[in-house]
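Here's the structure we're looking at; comments come further down.
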Amino acid sequence: MRIDMHVHIGYALGWDMTEDMVLQSMEKYNIDFSIVSNTESVKYDHDFKEVPKEMQHTQIESLKRSIDFARRFPDKIGVMPWIRPESERLSKEFKEYIIDNLDIIYGIKMHPYHSHLAFDSNNLYEYLDLAEELNLPVLIHTGGCNEASPERVYNMALKYSKVNFIMGHMELGTDNENAINYISKLPNLYGDTAWVPIESVIKAIKTFGSEKILFGSDNPIDGVDTYHHNPKGEPSLYQQYFNDLKDIISKEDYDNIMYKNSIKLFNLNKILKLK
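Here it is in C-alpha cells:
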C-alpha cells in the first residue's frame, strides 16, 4: 500500500495541477490514497513578490475546490485546507465549512514561504487552536527561507503539545540534518519525504525511528509522472522509495513510512477499511 499525504491541485506560480493529473498519477503509480491541498491561495511568488490580486484565491475558495474533488472520490482523496494567516483571519464561515466537512478533511496546510510569514507568528494561534480543537495534524512547508525554518515549527510544537506537526520536506534544499534533530526532540513532531533523499530517511530512522516519517511527494508538481521523472526526463527520487528503500530497511520500517504512519496520524482506518 502507498499513501501520499502531500499532494496538490491548483493553478498558481506556473504550476497547473489538475484533479485528473492526480488521479492519473495515482492509477499509474499505485497510490491508494492522497491528501490534497490547493495551491491557489498562495500570496507571494518564489521571489516574495505579491501574486497579482486577480490571481489570488481566498482560503475558502481554494478549500471548496478541494472539497468538491474529495466528494467525488472519497475513497481516494482527502483534503488539507491551505490557510492564509498572513492576510486572512479565521472567519466563522471558514471554521464552519471545515467542521461541516470533517469526514474528508484530515489536516491543515500552511506554507510560510509563499505566505512570507514566520510559522511561529501570532497570526497562527487561532488556526492552531482550531487544529487542537478538531484534532487535525498540521503540515508545514519547511526550507527556503527563515520564516519556514524547522526551529519555528519546533517553537509552535512546544507551545501546542496536543497538536501533531509535520515538517514538509524536512527543510527543503538542505541535508535535512537540522530538521531531523528537531523532530527527534518532541513526540508531536514528524517529517515527510517530499523531495527528501532516501539517505536522509535512513538517517532519520536511525535517529528517532520510522514511526515519525510519512511518505509525501508534492505530486503532481512535475506532471502526471512526478513519481517517475522530472520535465527534463531525469529520474525522480521517488523511484528509489518505490524500488530501492524496501531492500535497505526492514519491512516494518518501510510499511510505516509508506502508509501505516499516515493511517495512524490521519485516522484513515475507516476510509481504507483497514484495522
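Throughout the sequence shown, residue numbering follows the UniProt record's numbering, covering 1 to 275 in sequence. Idealized CB from N, CA, C, for every residue including glycine.
From the DSSP output, in three-state form, read off Leu274 for me.
Confidence at Leu274 is low in this model, with a pLDDT of 47, below 50, so the placement of that residue is unreliable and no value is reported for it.
Could you say which of Leu124, Asn188, Pro220 lies nearest to Glu211 if we only look at CA atoms?
Glu211 has its Cα closest to that of Asn188, out of Leu124, Asn188, Pro220.
Tell me whether Asp20 sits in a helix, a strand or coil according to DSSP, three-state version.
Here Asp20 sits in helix by DSSP.
Alpha carbon to alpha carbon, how far is Leu128 from Val163?
Distance between the alpha carbons of Leu128 and Val163: 8 angstroms.
Do you know how far the Cα of Ser25 is from the Cα of His228?
Going from the Cα of His228 to the Cα of Ser25 covers about 10 angstroms.
In angstroms, rounded to a whole number, what distance separates the CA positions of Ser161 and Phe119?
If I take the Cα positions, the gap works out to 15 angstroms.
Can you tell which of His46, Val196, Lys260 has its C-alpha closest to the C-alpha of Gln239?
Selected option, being the one with the closest Cα: Val196.
According to the neighbour-count rule (16 or more other Cβ atoms, all chains shown, within 10 Å of its Cβ), is Leu274 buried or exposed?
With a pLDDT of 47 at Leu274, under the threshold of 50, the predicted position of this residue should be treated as unreliable, though the coordinate-derived value follows. Classification of Leu274: exposed, given that the 10 Å Cβ count is below 16.
Taking just the CA atoms, how far does Ile9 sit from Pro81?
Looking at the two C-alpha atoms, the distance is approximately 12 angstroms.
Straight-line CA distance for residue 277 to His169?
As shown, the chain starts at 1 and ends at 275. That puts residue 277 outside it, with no answer to give.
Are Val36 and Val7 close, meaning C-beta to C-beta below 9 angstroms?
A contact, by the Cβ cut-off of 9 angstroms.
Please state whether DSSP places Ser37 in a helix, a strand or coil.
In this structure, Ser37 counts as strand in the three-state DSSP scheme.
Please list the segments of the beta strand (DSSP E) lying wholly inside the segment 81 to 147, counting only runs of 3 or more residues, in order along the chain.
108 to 110, 138 to 141, all fully within the segment 81 to 147.
Taking C-alpha atoms, which residue in Gly144, Ile104, Leu130 lies nearest to His116?
Closest option to His116, Cα to Cα, is Gly144.
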